[in-house]
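What follows is a short report on a single structure.
There are 2 protein chains.
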Amino acid sequence: MNIGEAARRSGVSSKMIRHYESIGLLVSAQRSESGYRVYSEKDLHTLRFIATTRSLGFSLDEIQKLLSLWQDKNRSSADVKELVLNHIADLDQKIAELTSMRTTLQTLASACSGNARPDCPILSGISTHCANRP
Amino acid sequence: MNIGEAARRSGVSSKMIRHYESIGLLVSAQRSESGYRVYSEKDLHTLRFIATTRSLGFSLDEIQKLLSLWQDKNRSSADVKELVLNHIADLDQKIAELTSMRTTLQTLASACSGNARPDCPILSGISTHCANRP
DNA sequence: TCTGAACCTTCCCATCGTGGTAAGGTCAAG
DNA sequence: CTTGACCTTACCACGATGGGAAGGTTCAGA
Numbered sequence: 001m002n003i004g005e006a007a008r009r010s011g012v013s014s015k016m017i018r019h020y021e022s023i024g025l026l027v028s029a030q031r032s033e034s035g036y037r038v039y040s041e042k043d044l045h046t047l048r049f050i051a052t053t054r055s056l057g058f059s060l061d062e063i064q065k066l067l068s069l070w071q072d073k074n075r076s077s078a079d080v081k082e083l084v085l086n087h088i089a090d091l092d093q094k095i096a097e098l099t100s101m102r103t104t105l106q107t108l109a110s111a112c113s114g115n116a117r118p119d120c121p122i123l124s125g126i127s128t129h130c131a132n133r134p
Numbered sequence: 135m136n137i138g139e140a141a142r143r144s145g146v147s148s149k150m151i152r153h154y155e156s157i158g159l160l161v162s163a164q165r166s167e168s169g170y171r172v173y174s175e176k177d178l179h180t181l182r183f184i185a186t187t188r189s190l191g192f193s194l195d196e197i198q199k200l201l202s203l204w205q206d207k208n209r210s211s212a213d214v215k216e217l218v219l220n221h222i223a224d225l226d227q228k229i230a231e232l233t234s235m236r237t238t239l240q241t242l243a244s245a246c247s248g249n250a251r252p253d254c255p256i257l258s259g260i261s262t263h264c265a266n267r268p
């Protein structure tokens with residue numbers, strides 16, 4: 001199949017498929033006589049693997065490692081698990097950061113009447129917070 | 135004060151101060167005779183405002199709006215609140231996405247024995263998930 | 001058989017926020 | 001007067017994705 005169909009059936013855009021090939025995440029695709037990229041069902045499976053792992057928030061670097069492990073019959077599942085646990089830790093940190101922002105903002109917002117007058121606990125809250133900077 | 139001190143005292147790097155000026159987030163700083171940027175306490179307050187709002191996850195576009203509102207004596211607090219509530223909604227969506235990833239990964243990881251053998255529920259889980267793609 | 005639409009190719013540029021680095025000018029203390 | 005710490009501008013980079021230009025290929029229908 002051509003790149004368009006591979007894109008449609010994998011959920012990875014044509015643009016990205018070419019990009020992944022150019023950075024070495026994917027091995028170079030077969031080419032037709034006219035130079036079109038040609039994909040097999042196996043290639044499609046790899047593309048879907050990438051789509052799935054992207055949607056789980058892995059970076060392309062991590063996906064490269066996951067792909068190697070996936071294709072390595074002699075892998076240790078411990079290696080896979082370690083990679084995944086590290087990624088979970090990253091997610092946890094990110095979630096904690098965002099949640100902390102959310103909490104602060106929610107507190108400020110709930111103190112703000114949100115009317116036509118200029119008095120705003122949100123802005124004065126931020127302004128005060130500023131004062132405690134290095 | 136020079137840019138270095140402003141950076142140290144605001145928590146915004148010199149690099150970023152120049153960048154913010156170049157994209158119009160900050161008005162051009164005063165210059166000394168020799169061309170050095172010179173900052174006042176008022177400028178410092180603005181820089182700290184930016185540092186604080188960045189740390190709350192606002193984009194530079196949103197910060198520009200917040201800065202205008204902050205400096206507008208005729209603002210409506212409703213406008214501030216709306217901006218903040220929208221940002222909270224963005225955060226909520228992001229948190230939900232990350233949490234969903236986390237949940238999936240945690241489930242897969244806890245099924246994986248993480249030993250020296252290749253059998254890996256994480257990889258087979260991902261591989262299976264692939265099959266259900268468009 | 002020709003034509004046009006729908007593909008495909010490569011190449012460059014943009015985003016967003018941040019950092020690095022190079023090549024040069026300025027300032028103050030020793 | 002030198003030295004080191006500062007400052008200036010101007011580029012390039014990241015990570016992941018998208019947009020678009022300029023050109024080649026394929027195939028169905030008139």
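Just so you know, the sequences run in chain order V and B.
Here the first sequence stands for residues 1 to 134, numbered as in the numbering used here.
Here the second sequence stands for residues 135 to 268, numbered as in the numbering used here.
Note that CB positions come from ideal geometry on N, CA and C, so glycine has one too.
Beta carbon proximity, residue i to chain V, threshold 8 Å
{"i": "B/A243", "result": "yes"}
{"i": "B/D253", "result": "yes"}
{"i": "B/S174", "result": "no"}
{"i": "B/L201", "result": "no"}
Closer than 8 Å to chain B by CB, residue i
{"i": "V/I88", "result": "yes"}
{"i": "V/V27", "result": "no"}
{"i": "V/Q30", "result": "no"}
{"i": "V/G106", "result": "Just to set this straight, residue 106 of chain V is Gln in the shown sequence, not Gly. With 8 Å as the cut-off, V/Q106 counts as an interface residue toward chain B."}
{"i": "V/H19", "result": "no"}
{"i": "V/L60", "result": "no"}
{"i": "V/K15", "result": "no"}
{"i": "V/I3", "result": "no"}
Under the three-state DSSP convention, the category residue i falls into
{"i": "V/V80", "result": "helix"}
{"i": "B/R209", "result": "coil"}
{"i": "V/A116", "result": "coil"}
Within chain V, partners of residue i - CB distance below 7 Å
{"i": "B/M235", "result": "L56, G57 and L91"}
{"i": "B/A140", "result": "Chain V residues near B/A140: none, gap ~11 Å exceeds 7 Å."}
Contact set between residue i and chain B, taken where Cβ atoms lie within less than 7 Å
{"i": "V/I122", "result": "V214, K215 and V218"}
{"i": "V/I126", "result": "F183, T186 and T187"}
Identity of the residues DSSP links to residue i by a beta bridge
{"i": "B/R182", "result": "Partner(s): none; B/R182 has no beta bridge."}
{"i": "B/Q164", "result": "B/V172"}
Per-residue contacts from residue i into chain V (C-beta, under 8 Å)
{"i": "B/R171", "result": "Result: empty, since nearest Cβ-Cβ is about 19 Å, beyond 8 Å."}
{"i": "B/I229", "result": "I95, L98, T99 and R102"}
Within chain B, partners of residue i - CB distance below 8 Å
{"i": "V/N115", "result": "S210, S211 and A212"}
Proximity test, residue i beta-carbon vs the ligand NAP heavy atom, cut-off 7 Å
{"i": "V/A7", "result": "Of ligands this structure carries none, so the ligand NAP is not represented either."}
Is there contact here, the region 72 to 84 of chain V with the region 96 to 104 of chain V, by at least three beta-carbon pairs under 8 Å?
-> no
Report yes or no: do three or more beta-carbon pairs, one from the region 218 to 225 of chain B and one from the region 35 to 47 of chain V, lie closer than 8 Å?
-> no
Does the pairing of the region 138 to 149 of chain B with the region 178 to 189 of chain B give three or more beta-carbon distances under 8 Å?
-> yes
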